[in-house]
């Protein structure tokens, strides 16, 4: 099934690029359909066929390329998209290193760029290059603040940390350490493990020796389940927190009963059906989940695919404004599109609401995250 | 670190070490018989676990179709290599091995998989699906290069590794799987909690090591493999076909890989690309043993497992660095010991 869809996407992209018309809008997408970021890139690729083919009366063409989670390849893809296909906007970089590399290309070619990566380093601190870059996924800091708040509310005094020995784990550790400090929570153990590790017994024993009140696991996708399993095996009974990187259904499948009662912040899409009617992004989130599951089967949705859906909603709101200043395919249009993206106000998408400013190119607030737990092998929304 | 933590870590290390030992043994076997440094060994581990996980869900794994495709390719490659010496009998043998066998495996899988006949049947199926890939890969990628220098064979191995990893992503997706444990048994020995699964891992590894020893010392095939390893030309002169030895070595390697996959599946989550790192640690052990000594490789693998486990406790951020750095003093020691011996090519 996966293969069919991917072949379909490739074929669709190919046929579209051949039937290119002179006046339509072109969006160039480079994402990680293979490599370590594939669990992000594959749902994103499957989301592309769900995006509208027409915006503000203009036909829209999406050209998808795979960057294999590699920054160099992402840059090559982006240059190809900009010079050969003359795209009006770039979307992509499923992983942070690729996104950071794409900022250079976007600035150099003056093409608006929407990143799909988690790290805030893509858009801050704002400078002349990053003013061409925008971002749809939540910043780590937004999610980390939610975890720190929850720990403080539960009265935790000490926390043990185990995270990926890569940019993801390090990023989380850097972001959350000062927040924990501000709440008077002590970080008593920081351990690292690798995505492909077959055992984390050593790290877990060290954490247990420090006797933390709660444990935070900073891993993405199914590898985040391994420390949780080992903690349970070794008799740890305290609260376990995960990061939003673990927010997909494969994590539940692999984790099984070992991840029961885990607490984590996620984007609203993950629990779209459980959101109260008052939640701003409920409609958009449900729209995405329904469309995605209709195409790919029940429970197939992940929050990662929704980031490209949201990037497209940002474009849908910015394009009508930009069209007043120039025709698609011209530098004037790209400049106007960038300005229009920066001027987005209270735009509701599936992961919350965004209001851009010249210094904030993600524009989210607390509406872009919810706290969830795992009950009986399913996600359950926690009331805050 | 107190004694109880030390014991837990050592037990954990021996469990991983037992898997590395299996992989190290098959790397040594493949290298001595065919001179191929078999980097794709780890892929068979991942294929083993993920095929098993798919079977457990009652579905026909895509690897069952891959076996048929590889078989057909291997058949074509086989006929091309033997085109000058082909006889009806040889042709029939090649067809039976490369077309009939995988079709039978596919039919058996399609028939048995949806019925969920339980762990033993599914394990046998998973082994039956993955094992033939070894000889097929040999026929396709390495047999035509049999006389090439070691470096060329190494590059071919890298190519096979990349191809198998890519196929793994397409077949199984980017997320990992875990399989059901063989037994829920767990017992406490002093401060150490020993799980049934880790006993299975250690027991199966030990049994396989003994089995390999018996095969090599007492069976005709084992002796033929050893003869090829010692001297390919000499082996040919006494009527041993090096290509057959190569296929058998690759078959054993794939079998051991798949079995390792079945053994670690319940212990950890396995991804389409997990095999590489596991295989690499087996490779470190094989290197420590100079790529020739079986007992040496097995002992080195246990050492790697324990070092890894202790390192993950003491300095988790540097765990892999420490494990792979073990290789440097060994290489230094070896090159000082055997100064001046050049590769023949």
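Residue numbers (our numbering), protein chains in the order written: chain A, 1392 to 1775; chain B, 3 to 347.
For each residue, glycine too, the CB sits at the ideal point set by N, CA and C.
Its Cα nearest to that of residue 1687 (chain A), the residue A:1439 stands out among A:1703, A:1439 and A:1445. Taken in chain order, the whole alpha helix (DSSP H) runs of length 4 or more contained in the region 108-140 of chain B are 121-132 and 135-139. Considered as a whole, the region 1697-1774 of chain A harbours 1738-1740, 1743-1745, 1761-1766 and 1769-1772 as its complete beta strand (DSSP E) runs of no fewer than 3 residues, in chain order. Remark: C-beta atoms of residue 21 (chain B) and residue 179 (chain B) do not approach each other more closely than 8 Å. Check the Cα spacing between residue 1755 (chain A) and each of A:1509, A:1503 and A:1491: the tightest is with A:1509.
Its Cα nearest to that of residue 332 (chain B), the residue B:305 stands out among B:305, B:254, B:314 and B:318.
A distance below 8 Å separates the beta carbons of residue 1451 (chain A) and residue 1418 (chain A). Burial of residue 1621 (chain A) is indicated by the presence of at least 16 other C-beta atoms within 10 angstroms of its C-beta. Restricting attention to B:310, B:148, B:291 and B:241, the CA atom closest to the CA of residue 16 (chain B) is found in B:310. Around the beta-carbon of residue 284 (chain B), 16 or more other beta-carbon atoms lie within 10 Å, marking it buried. Taking each of B:230, B:188, B:255 and B:174 in turn and checking the Cα distance to residue 247 (chain B), the smallest one comes out for B:230.
Taking all protein chains shown into account, residue 1655 (chain A) has 16 or more neighbouring C-beta atoms within 10 Å of its C-beta and is therefore buried.
Between the alpha carbons of residue 224 (chain B) and residue 321 (chain B) lies a distance of about 38 Å. Rounded to whole angstroms, residue 1730 (chain A) and residue 1487 (chain A) show a C-alpha spacing of 24 Å.
Per DSSP, the beta bridge partners of residue 1577 (chain A) are A:1549. In the displayed model, residue 1570 (chain A) falls within a helix according to three-state DSSP. For residue 1597 (chain A), a Cβ of chain B is located within less than 8 Å of the residue's own Cβ. In this structure, B:95 is the residue among B:62, B:66, B:95 and B:69 with its C-alpha nearest to the C-alpha of residue 80 (chain B). A Cβ of chain A is located within less than 8 Å of the beta carbon of residue 266 (chain B). No Cβ of chain B is located within less than 8 Å of the beta carbon of residue 1435 (chain A). Beta-bridge partners assigned by DSSP to residue 1420 (chain A): A:1455 and A:1482. For residue 1531 (chain A), no CB of chain B lies under 8 Å from its own CB, so it is not counted at the interface with that chain. When Cβ pairs closer than 8 Å are counted between the two stretches, the region 1537-1548 of chain A is seen to touch the region 1568-1586 of chain A, the count reaching three or more. Counting C-beta pairs closer than 8 Å gives three or more between the region 1580-1598 of chain A and the region 1606-1624 of chain A, which meets the contact rule. DSSP places residue 1671 (chain A) in the coil class of the three-state scheme, outside both helix and strand. At a C-beta separation below 7 Å, residue 1583 (chain A) has these neighbours in chain B: 318 and 319. Cα atoms of residue 1697 (chain A) and residue 313 (chain B): separation of roughly 39 Å, rounded to the nearest angstrom. Segment contact: the region 282-297 of chain B against the region 156-163 of chain B, fewer than three CB-CB distances shorter than 8 Å; contact not assigned.
In the three-state scheme derived from DSSP, where H, G and I count as helix and E and B as strand, residue 1446 (chain A) is classed as strand. With respect to the 8 Å criterion, residue 111 (chain B) and residue 129 (chain B) are not classified as neighbours on the basis of their beta carbons. When secondary structure is reduced to three states using DSSP, residue 1631 (chain A) falls in the strand class.
Taking a Cβ-Cβ cut-off of 8 Å, the neighbours of residue 271 (chain B) in chain A comprise 1613, 1614, 1616, 1617 and 1645, given in sequence order. In the structure shown, the three-state DSSP call for residue 1612 (chain A) is coil. Taken atom to atom, the span from the alpha-carbon of residue 1638 (chain A) to that of residue 1694 (chain A) is near 7 Å. Across the region 1568-1594 of chain A, CB contacts with chain B closer than 9 Å involve 1581, 1582, 1583, 1584, 1585, 1586, 1587, 1588, 1589, 1590, 1591, 1592, 1593 and 1594, in sequence order along the chain. For residue 1525 (chain A), the enclosing beta strand (DSSP E) covers residues 1524-1526.
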